[in-house]
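To keep things clear, I will list the structure first and then write my remarks on it.
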Amino acid sequence: DLTEFEGLPVLVVDDNATNRRILEGMLKSWRMSPTAACSGSEALAAMTRSRDAGTPFRLVLLDVSMPKMDGFTFAQTLRQHPEFADVVIIMLTSATQRSDASRCHELGIAAYHTKPVKESDLLDAILIAFGKRPAHDEAVEAGADEASPEGPARLRILLAEDNVVNQKLIETLLGKEGHSVVVVGNGHKAVEAVKNDSFDLVLMDVHMPVLDGLKATAQIREHERETDRRVPIIAMTAHS
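Letter by letter, the sequence shown follows residues 1 to 240 in the UniProt record's numbering.
Below is the structure:
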């Protein structure tokens, strides 16, 4: 039951815009309230603003590798302020380092995951960090060995896009990262795919024939009322 997490203020810190959008999509699907920052300095400013406004961030999803101020430096700076001592930090990394485990332990990092992190793994880490689910083993402890023989967790992604050129481009980019992509050409097929299959993420073009992306999203959300699962959906449009 995620009811008590509705509206939870979460800060997403990552210099990669795509990573930020994916994480924001996951958090919004759980009805949390994410704010994104593209650097450590921007994140520190956001932490101060939220504290002063009386709505402090209770959870930070933090990228390890960032220019100027990396994730560990940000976490260390944060821990030097008593008012931020209880903030839950989950770190995300593209490549694990041997020294990361001890650094996570020293800074009180709740969990440490290799990117791209699966939706189920991230939710599990959040629930454990907030004491809502028992830690099943040592795997979610800070600095646990995430570098399994299979490599980083891969996402199963549904791409709803009617433009063939865009389909190929996005599929190629995601494929290079090791993600599994299922492509459909209109909103109706996207709705059917979600009903009949399981995805970690949906990339939905807004303008499509048969059924546009907004209506397709509404139908998917309506269907999900009957299930316990809510897949993150990121809208894509050529016109902002």
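No residue lacks a Cβ here, since even glycine has one placed at the ideal position from N, Cα and C.
The structure displayed is predicted, hence computed values, not measured ones.
On the three-state DSSP scale, how would you describe Phe5? helix
Could you tell me whether the segment 64 to 72 touches the segment 86 to 101, where touching means 3 or more Cβ pairs closer than 8 Å? yes
Run the CB neighbour count on Ser120, radius 10 Å, all protein chains shown included, and call it buried at 16 or more, exposed below. exposed
For Ala53 and Ser33, what's the separation of their Cα atoms in angstroms? 15 Å
Are there 16 or more other CB atoms within 10 angstroms of the CB of Glu83, so buried, or fewer, so exposed? exposed
Residues sharing a beta bridge with Met66, DSSP: According to DSSP, Met66 bridges with nothing at all.
Please report how far the alpha carbon of Ser198 lies from the alpha carbon of Gln80, in whole angstroms. 42 Å
Straight-line Cα distance separating Leu61 from Val13: 6 Å
N- and C-terminal bounds of the alpha helix (DSSP H) containing Thr73: 71 to 79
Is the beta carbon of Ile157 closer than 8 Å to that of Val181? yes
Ignoring anything shorter than 3 residues, give me the beta strand (DSSP E) runs that lie fully in the UniProt domain "Response regulatory" (9 to 130), in order along the chain. 9 to 13, 33 to 37, 59 to 63, 88 to 93, 111 to 114
From this set, Ser50, Gln97, Glu106, which residue's C-alpha is nearest Ala75's C-alpha? Glu106
Where the alpha helix (DSSP H) containing Leu174 begins and where it ends: 164 to 176
Nearest to Leu11 by alpha carbon, out of Glu42, Ile170, Leu159, Leu174? Glu42
So, with DSSP's three-state summary, where would you put Val181? strand
Within 10 Å of its beta-carbon, does Val165 have 16 or more other beta-carbons around it, so buried, or fewer, so exposed? exposed
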